[in-house]
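Residues 205 to 320 in the working numbering are what the sequence shown lists, from first letter to last. What follows is a set of notes on a single structure, which appears directly below.
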Amino acid sequence: MKNLKRKGTLLFQFLALLAIASFLIIALLKIHAHNTLEYRLLEDGYRMDILLEIASQTVRQKLSFNGDEMTFPDTIQFSSGTVRVEWNEKAHQFTLKAHLPNGHSKEDTLYIQFVK
C-alpha cells in the first residue's frame, strides 16, 4: 500500500510541475507576441515620420507659382507608402497624410512662410 501512495504523490507533483511549466510557457509566448506587436507599431510610426519628412521636403522643392496660381504635388508615392498633400486656404498651410499599405496612417501640418 505504501508504494501506491508514494507513486500517487509523485504523479501529483509531476502534474503540478507540468502545469506550472505550461503557465510559464504561455506567459512567455504572450509577452513575445505583445513585444512583436509593439515593435511593429513603433516601426510603422518611424516609417510614417520619415515619409512625412521626405514629403515635406519634396513639397518645398516642387512648390511653384505662376501668377496667382500655386502648384504642388497632390500625391507623393514612395516604395513604403503614399503621402497625400492638401492645401488649406483658410489656415495657409499644407496637410500631409501618410498612408502605409497595412492601413496605418498619420497626419502632419506643413507651414511655409510666403514672402512677397
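For glycine and all other residues, C-beta sits at the position ideal for the given N, C-alpha and C.
### Message
To the nearest angstrom, how far is the alpha carbon of Asp278 from that of Gln261?
### Response
By 1-based counting over the sequence shown, the position of residue 278 is 74. By 1-based counting over the sequence shown, the position of residue 261 is 57. Roughly 14 angstroms separates the two Cα atoms.
### Task
Ignore the nearest five residues each way along the sequence and tell me which others in Asp312's own chain have a CB closer than 6 angstroms to its CB.
For the purposes of this step, residue 312 is taken as the residue at position 108 of the sequence shown. Taken in chain order, the residues that qualify are Leu256 and Leu300.
### Message
Just to confirm before moving on: does the CB-CB distance between Ser284 and Arg244 stay below 7 angstroms?
### Response
In the sequence shown, the residue the question calls residue 284 occupies position 80. In the sequence shown, the residue the question calls residue 244 occupies position 40. Taking 7 angstroms as the Cβ cut-off, Ser284 and Arg244 do not qualify as a contacting pair.
### Query
Which residues in the same chain as Thr275 place their Cβ atom closer than 7 angstroms to its Cβ, once the five residues preceding and following it in sequence are excluded?
As a first step, residue 275 must be located in the sequence shown, where it is residue number 71. Counting only Cβ-Cβ distances below 7 angstroms, and skipping sequence neighbours, we find Ser268.
### Query
For the candidate residues His308, Gln297, Gly307 and His303, whose alpha-carbon lies nearest to that of Leu314?
Within the sequence shown, residue 314 is the residue found at index 110, counting from 1. Minimum Cα distance to Leu314 is reached at Gln297.
### Query
Distance, Cα to Cα, Glu242 vs His308?
Indexing the sequence shown from 1 puts residue 242 at position 38. Indexing the sequence shown from 1 puts residue 308 at position 104. Distance between the alpha carbons of Glu242 and His308 is about 14 angstroms.
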